[in-house]
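Protein chains in written order, with this note's numbering: chain E, 1 to 595; chain Y, 596 to 758. By construction, the Cβ of each residue, glycine as well, lies at the ideal position given by its N, Cα and C atoms.
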Amino acid sequence: MSKYMMHILVCGGTGCLSSQSGEIVEGLKKAIEDIGMQNQVQVVKTGCFGFCEKGPIVKILPDNTFYVQVKPEDVEEIVSEHIVKGRKVERLLYENPESKTPISDSKHMNFYKKQMRVALRNCGFINPENIEEYIARDGYGALAKVLTLSQMEVIEEVKKSGLRGRGGGGFPTGLKWEFAYKNVADQKYVVCNADEGDPGAFMDRSILEGDPHSIVEAMAICGYAIGATKGLVYIRAEYPLAVKRLECAIAAAREYGLLGEHILGTAFSFDIEIRFGAGAFVCGEETALIHSMEGKRGEPTTKPPFPAASGYWAKPTNVNNVETFANIPVIFLKGAEWFSKIGTEKSKGTKVFALAGKINNVGLIEVPMGTTLREVIYDIGGGIKGGKQFKAVQTGGPSGGCLTEKDLDTPIDFDNLLAKGSMMGSGGMIVMDEDDCMPAVAKFYLEFTAEESCGKCTPCRVGTKRLLEILEKIVSGRGTPKDLDTLKELSEVIKDTALCGLGQTASNPVLSTLKVFEEEYIAHVRDHKCPAKQCSALLQYRITEKCVGCTACSRVCPVGAISGTVKKQHTIDISKCIKCGACESKCRFNAIVKE
Amino acid sequence: MACEGCRNQVTQALYAELEAFIDALPEKKGALISVLHKAQSLFGYLPKEVQVFVGEKLGVPVSQVYGVVSFYSFFTMVPKGKYPISVCLGTACYVRGADKVLEAFKKELGIEVGQTTPDGKFSLDALRCVGACGLAPVAMIGDKVYGRISSEEEVKKILREYE
Chain E
1 MSKYMMHILV CGGTGCLSSQ SGEIVEGLKK AIEDIGMQNQ VQVVKTGCFG FCEKGPIVKI
61 LPDNTFYVQV KPEDVEEIVS EHIVKGRKVE RLLYENPESK TPISDSKHMN FYKKQMRVAL
121 RNCGFINPEN IEEYIARDGY GALAKVLTLS QMEVIEEVKK SGLRGRGGGG FPTGLKWEFA
181 YKNVADQKYV VCNADEGDPG AFMDRSILEG DPHSIVEAMA ICGYAIGATK GLVYIRAEYP
241 LAVKRLECAI AAAREYGLLG EHILGTAFSF DIEIRFGAGA FVCGEETALI HSMEGKRGEP
301 TTKPPFPAAS GYWAKPTNVN NVETFANIPV IFLKGAEWFS KIGTEKSKGT KVFALAGKIN
361 NVGLIEVPMG TTLREVIYDI GGGIKGGKQF KAVQTGGPSG GCLTEKDLDT PIDFDNLLAK
421 GSMMGSGGMI VMDEDDCMPA VAKFYLEFTA EESCGKCTPC RVGTKRLLEI LEKIVSGRGT
481 PKDLDTLKEL SEVIKDTALC GLGQTASNPV LSTLKVFEEE YIAHVRDHKC PAKQCSALLQ
541 YRITEKCVGC TACSRVCPVG AISGTVKKQH TIDISKCIKC GACESKCRFN AIVKE
Chain Y
596 MACEGCRNQV TQALYAELEA FIDALPEKKG ALISVLHKAQ SLFGYLPKEV QVFVGEKLGV
656 PVSQVYGVVS FYSFFTMVPK GKYPISVCLG TACYVRGADK VLEAFKKELG IEVGQTTPDG
716 KFSLDALRCV GACGLAPVAM IGDKVYGRIS SEEEVKKILR EYE
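#1: When burial is assigned at 16 or more other CB atoms within 10 Å of the CB, is G15/E buried or exposed?
#2: In chain Y, which residues lie less than 8 Å from D436/E when you measure between Cβ atoms?
#3: As an exercise, report each continuous alpha helix (DSSP H) stretch of at least 4 residues that is fully enclosed by the segment 624-689 of chain Y, in chain order.
#4: Going by beta carbon distance, what residues of the same chain come within less than 6 Å of L241/E, once the five residues before and after it are set aside?
#5: Locate the alpha helix (DSSP H) running through C460/E, then write down its first and last residues.
#6: Going by DSSP in three states, C643/E sits in which element: helix, strand or coil?
#7: Kindly indicate if chain E contains any beta-carbon less than 8 Å away from that of V673/Y.
#8: Interface residues of chain Y around V362/E at Cβ under 9 Å?
#9: Is the CB of S292/E under 8 Å away from at least one CB in chain Y?
#10: For T390/E, tell me which candidate among K529/E, T350/E, C437/E, R87/E has the shortest Cα-Cα distance.
#11: Nearest-angstrom Cα distance between S347/E and P300/E?
#12: Please classify F171/E as buried or exposed, where buried requires at least 16 other C-beta atoms within 10 Å of its C-beta.
#13: Check for me: the beta strand (DSSP E) holding K273/E runs from which residue to which?
#14: Determine, for E56/E, whether the minimum Cβ-Cβ distance to residues of chain Y falls below 8 Å.
#15: In whole angstroms, what separates the C-alpha of R121/E from that of V216/E?
#16: Do E286/E and V233/E count as a contact pair if the criterion is CB distance below 8 Å?
#17: When the cut-off is 8 Å and only beta carbons count, does F616/Y lie next to chain E?
#18: Between C530/E and chain Y, is there a C-beta pair that is closer than 8 Å?
#19: My assumption, with CB atoms under 8 Å, is that I572/E sits in contact with E584/E. Please give the rounded CB distance.
#20: With 16 as the cutoff for other CB atoms within 10 Å, does V184/E come out buried or exposed?
#21: In three-state DSSP terms, what is R526/E?
#22: Can you tell me the Cα-Cα spacing of R691/Y and V431/E, whole angstroms?
#23: Hey, does Q607/Y have any beta-carbon neighbour from chain E nearer than 8 Å?
#24: Please report the Cβ distance between E634/E and L631/Y, rounded to the nearest whole angstrom; I am assuming they are in contact, meaning their Cβ atoms lie under 8 Å.
#25: Buried or exposed for Q42/E, please, with buried defined as at least 16 other CB atoms from any protein chain shown within 10 angstroms of its CB.
#26: Going by the CB atoms, is the gap between L9/E and T65/E shorter than 8 Å?
#27: Could you give the C-beta distance for P509/E and E520/E, rounded to a whole number, given that I count them as a contact under 8 Å?
#28: Taking 8 Å as the threshold, find out whether the segment 70-89 of chain E comes into contact with the segment 122-138 of chain E through three or more Cβ pairs.
#29: Excluding the five sequence neighbours on either side, which residues of its own chain have a C-beta within less than 7 Å of the C-beta of S18/E, listed in chain order?
#30: Suppose you measure from the CA of T344/E to the CA of D413/E; what does that come to, to the nearest Å?
#31: Answer yes or no: does any C-beta atom of chain Y fall closer than 8 Å to that of S214/E?
#32: Would you kindly check if the distance between the Cβ of G277/E and the Cβ of D198/E is under 8 Å?
#33: Output yes if chain E places a C-beta closer than 8 Å to the C-beta of V663/Y; else output no.
#34: What three-state label does DSSP hand L258/E in the structure shown?
#35: My output table needs one value for I328/E: the three-state DSSP class, helix, strand or coil.
#36: Might you give, ordered along the chain, the residues of its own chain that have their beta carbon closer than 8 Å to the beta carbon of F306/E, omitting 5 neighbours on each side?
Put into structure tokens, the structure is as follows:
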């Protein structure tokens with residue numbers, strides 16, 4: 001990269017591309033050419049910077065200037081001011097929310113201060129479509145080193161690092177490799193699970209989009225360790241950009257002799273193929289994933305046999321998640337000892353989270369294990385949107401649970417989250433505020449699992465449906481206190497009897513919200529009230545004395561439920577009101593309340 | 596509108612392309628899902644005739660083909676609209692009001708999720724997480740992402756772009 005004096009990095013992650021970062025890249029390239037500086041200034045479309053809230057992001061090196069919410073029409077000013085005259089465009093800098101002063105260097109932003117980027121080390125830094133930029137960042141150095149070690153030495157190093165599976169379960173990665181290594185067969189497989197199904201999680205996608213070579217390299221390392229010559233990436237067809245970048249990376253690696261026959265002149269051969277998922281959450285479960293790769297319905301089977309003994313086409317198969325693989329090259333470059341110093345006693349390294357919901361800084365973050373939820377939500381996340389009250393944070397997606405105020409100082413790791421009734425999951429972290437109704441949130445997750453249940457085992461197929469029906473009854477105001485007992489009992493039964501992880505954890509959102517927010521459930525079934533004022537069936541609209549009689553509400557009401565005379569307080573006929581909320585959004589005096 | 600004969604020709608060409616794709620596969624075993632992906636990209640959806648054709652070419656019972664098609668949400672047996680609309684119902688979008696966005700699309704188009712408008716212009720689907728959670732709530736029309744959809748008015752405005 002020495003040839004250029006300056007680099008302009010533009011985020012090419014999905015969030016930023018959706019807000020025209022593609023046009024910004026084109027505009028910058030053209031503007032740089034117009035002033036004849038294309039040999040001094042390089043424009044790079046990178047992977048995700050993580051700060052999705054303020055996208056599109058444009059970063060300028062070497063001075064590390066961080067521009068936020070850039071629009072295509074800002075391009076000219078960036079080039080003429082910053083590039084040509086060396087003056088920063090102040091209005092595009094990130095503003096410190098407390099001091100209201102602009103921050104130029106991203107290193108000084110709270111969002112980045114507490115982060116530590118291991119799995120995301122290259123995301124937002126290199127051009128993911130250029131293998132040389134990856135190599136310049138020590139890429140494929142780990143593979144070269146591994147090829148000089150014995151298979152068992154490689155496995156020992158991974159074991160020593162303490163790396164645990166990042167897909168949710170947290171199984172020790174080195175141990176998993178060892179099982180696959182010890183099973184003798186004529187053919188073994190390495191599978192990368194990129195079927196990210198948790199709604200609200202996009203870390204695997206961002207890694208594949210921002211640093212695809214790290215996955216290619218890690219899969220080759222795994223192949224060498226367990227004795228496999230074939231790798232398969234199982235990826236969602238809904239991730240076109242990730243697929244494209246991965247295909248590009250595989251092709252480049254082949255061209256450079258880093259995949260294919262006799263890699264780096266050794267006896268080791270390895271190649272990677274891509275397999276497309278077709279939209280089924282259960283396919284994140286490894287046995288279901290393997291069936292899907294075989295062209296079948298993605299239904300899970302009982303373990304044992306584990307895939308390490310009998311997986312893809314009944315051959316020993318090692319399945320790891322994208323983020324797990326992304327950690328592998330670093331472990332070999334910096335050593336297992338370095339890695340194992342990060343994190344807590346039983347959870348080593350870092351974890352990537354997709355931070356979303358009612359939070360100021362939505363984005364993709366990576367923190368050392370052991371960071372507290374408070375640091376994540378308030379320091380990195382910048383607190384709750386609109387100054388509202390924090391209510392809960394949901395981790396682990398549809399298999400996880402809710403953590404509340406009292407859990408905020410818990411260090412995040414696999415075991416602590418489990419002990420608190422939630423789980424790490426793949427890394428979705430959804431923040432909720434006082435306006436979120438917990439029974440409705442539980443219903444949202446059950447809608448998801450009931451729809452995604454593959455139907456093979458009865459507890460999951462029928463049980464999730466029954467849970468959903470009860471929750472629907474509760475949020476529509478027809479619930480009875482007895483329903484809460486049924487919810488609990490049924491949840492326990494499903495947990496104990498379902499076939500795979502999807503079913504066994506499907507009732508977690510119900511159990512965890514019931515435990516932590518029992519009084520909210522009771523308010524629904526006993527008093528028929530929704531404390532969060534979300535369940536429209538339990539709410540009534542009322543016009544307060546703030547009403548000035550402007551008649552805007554009565555004119556917008558579709559069913560003629562509002563009456564009153566001009567300049568006098570209006571009233572709503574509850575028997576006619578369909579609770580559409582049109583009056584509330586039309587009222588300019590905040591005179592309409594729902595209670 | 597093409598006449599019946601021309602349409603048949605178009606369809607024949609699609610079948611020929613699908614057949615060529617299947618014949619070129621290095622291994623037919625386990626290829627069902629990739630063949631269905633290809634078929635859907637050619638035909639736009641997977642009607643019964645296409646499923647029968649795929650089954651025969653791969654030597655797989657049609658019941659198994661149908662079993663796979665109906666299992667995965669990506670595969671559809673009804674044609675999508677000219678402008679397919681997908682409303683994200685991921686958790687991040689949900690807590691920022693995605694259900695209201697979906698209701699607004701339903702109301703404006705007069706169709707339910709999984710349906711296509713009678714004129715074939717729009718189809719409506721719900722999907723889980725576009726990966727643009729910073730822009731929540733989000734909807735996609737074709738490949739274009741619309742973010743921060745805050746009201747029914749905005750949904751109307753978006754749809755007007757396609758008039």
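On the basis of the coordinates in this document:
#1: Position 15 of the first sequence, counting from 1, holds the residue named residue 15/E. G15/E is buried by the Cβ-count criterion.
#2: Taking the first residue of the first sequence as position 1, residue 436/E is located at position 436. What D436/E touches in chain Y: V690.
#3: Inside the segment 624-689 of chain Y, DSSP marks whole alpha helix (DSSP H) runs of 4 or more residues at positions 627-638, 643-653, 657-666, 686-689, from first to last along the chain.
#4: For the purposes of this step, residue 241/E is taken as residue 241 along the first sequence, with counting starting at 1. Cβ-Cβ distances below 6 Å link L241/E to E209 in the same chain, with the five nearest sequence neighbours on each side left out; the list follows chain order.
#5: Working through the first sequence from its first residue, we reach residue 460/E at position 460. For C460/E, the enclosing alpha helix (DSSP H) starts and ends at 458-475.
#6: Residue numbering for chain E in the displayed model covers 1 to 595; residue 643/E lies beyond these limits and cannot be assessed.
#7: What you label residue 673/Y is simply residue 78 of the second sequence in a count that begins at 1. For V673/Y, no CB of chain E lies under 8 Å from its own CB, so it is not counted at the interface with that chain.
#8: Mapped onto the first sequence, residue 362/E falls at position 362. Within chain Y, the residues near V362/E are A687, C728, G729, L730, A731.
#9: As a working mapping, residue 292/E is identified with position 292 in the first sequence. Contact with chain Y is found for S292/E, since one of that chain's Cβ atoms lies less than 8 Å from the residue's Cβ.
#10: Taking the first residue of the first sequence as 1, we reach residue 390/E at position 390. First, the amino acid is wrong: residue 390/E is Phe here, not Thr. If you compare the alpha carbons of K529/E, T350/E, C437/E, R87/E with that of F390/E, the shortest gap goes to C437/E.
#11: Within the first sequence, the letter at position 347 stands for residue 347/E. Within the first sequence, the letter at position 300 stands for residue 300/E. Using only the alpha carbons, I get a separation of about 28 Å.
#12: In the first sequence, residue 171/E corresponds to position 171, counting from 1. Exposed: under 16 other Cβ atoms inside 10 Å.
#13: Position 273 of the first sequence, counting from 1, holds the residue named residue 273/E. Reading the sequence as shown, one finds Glu at residue 273/E and not Lys. Start and end: 271-276.
#14: Position 56 of the first sequence, counting from 1, holds the residue named residue 56/E. The sequence as given places Pro at residue 56/E; Glu does not occur at that position. It does not: the Cβ of P56/E has no partner Cβ on chain Y nearer than 8 Å.
#15: In the first sequence, the residue the question calls residue 121/E occupies position 121. In the first sequence, the residue the question calls residue 216/E occupies position 216. Their Cα atoms are separated by approximately 15 Å.
#16: Within the first sequence, numbered from 1, the residue matching residue 233/E stands at position 233. Within the first sequence, numbered from 1, the residue matching residue 286/E stands at position 286. It is not a contact, given that the beta carbons lie outside the stated cut-off.
#17: The residue given as residue 616/Y occupies position 21 in the second sequence. At a cut-off of 8 Å, the C-beta of F616/Y has no neighbouring C-beta in chain E.
#18: Here residue 530/E is taken as the residue at index 530 of the first sequence, counted from 1. Output row for C530/E: interface = no.
#19: By 1-based counting over the first sequence, the position of residue 572/E is 572. By 1-based counting over the first sequence, the position of residue 584/E is 584. Not really, about 10 Å apart at Cβ, beyond 8 Å.
#20: Reading the first sequence from its first residue, position 184 is the one you call residue 184/E. With fewer than 16 other Cβ atoms within 10 Å, it is exposed.
#21: Working through the first sequence from its first residue, we reach residue 526/E at position 526. R526/E falls in the coil class under three-state DSSP.
#22: Numbered from its first residue, the second sequence carries residue 691/Y at position 96. Numbered from its first residue, the first sequence carries residue 431/E at position 431. V431/E has its alpha-carbon roughly 11 Å from the corresponding atom of R691/Y.
#23: The sequence position of residue 607/Y within the second sequence is 12, counting from 1. So, not an interface residue.
#24: Chain E is shown only over 1 to 595; residue 634/E falls outside these bounds and no answer can be derived.
#25: To locate residue 42/E, count along the first sequence from 1; it is residue 42. Residue burial is scored here from C-beta neighbours: Q42/E has at least 16 other C-beta atoms within 10 angstroms and is therefore classed as buried.
#26: Locating residue 65/E in the first sequence gives position 65, counting from the first residue. Locating residue 9/E in the first sequence gives position 9, counting from the first residue. No, Cβ-Cβ distance for T65/E and L9/E is not below 8 Å.
#27: Stepping through the first sequence from its first residue, residue 509/E is reached at position 509. Stepping through the first sequence from its first residue, residue 520/E is reached at position 520. Contact between P509/E and E520/E is ruled out by a C-beta separation of about 14 Å, above the 8 Å threshold.
#28: Taking one beta carbon from each stretch, the segment 70-89 of chain E and the segment 122-138 of chain E have fewer than 3 pairs nearer than 8 Å; the two do not touch.
#29: Residue 18/E sits at position 18 when you count from the first residue of the first sequence. Around S18/E: no qualifying Cβ.
#30: Against the first sequence, residue 344/E aligns to sequence position 344. Against the first sequence, residue 413/E aligns to sequence position 413. For T344/E and D413/E, the distance between alpha carbons rounds to 7 Å.
#31: Taking the first residue of the first sequence as 1, we reach residue 214/E at position 214. For S214/E, the answer is no, since every Cβ of chain Y falls outside 8 Å of its Cβ.
#32: Within the first sequence, residue 198/E is the residue found at index 198, counting from 1. Within the first sequence, residue 277/E is the residue found at index 277, counting from 1. G277/E is positioned such that its CB atom lies no closer than 8 Å to that of D198/E.
#33: Stepping through the second sequence from its first residue, residue 663/Y is reached at position 68. Yes, because at least one Cβ of chain E sits closer than 8 Å to the Cβ of V663/Y.
#34: Counted from its first residue, the first sequence places residue 258/E at position 258. If DSSP states are grouped into helix, strand and coil, L258/E belongs with coil.
#35: Mapped onto the first sequence, residue 328/E falls at position 328. Residue state, collapsed to three classes: helix.
#36: Along the first sequence, read from residue 1 onward, the residue named residue 306/E stands at position 306. Closer than 8 Å at Cβ, skipping near neighbours: F179.
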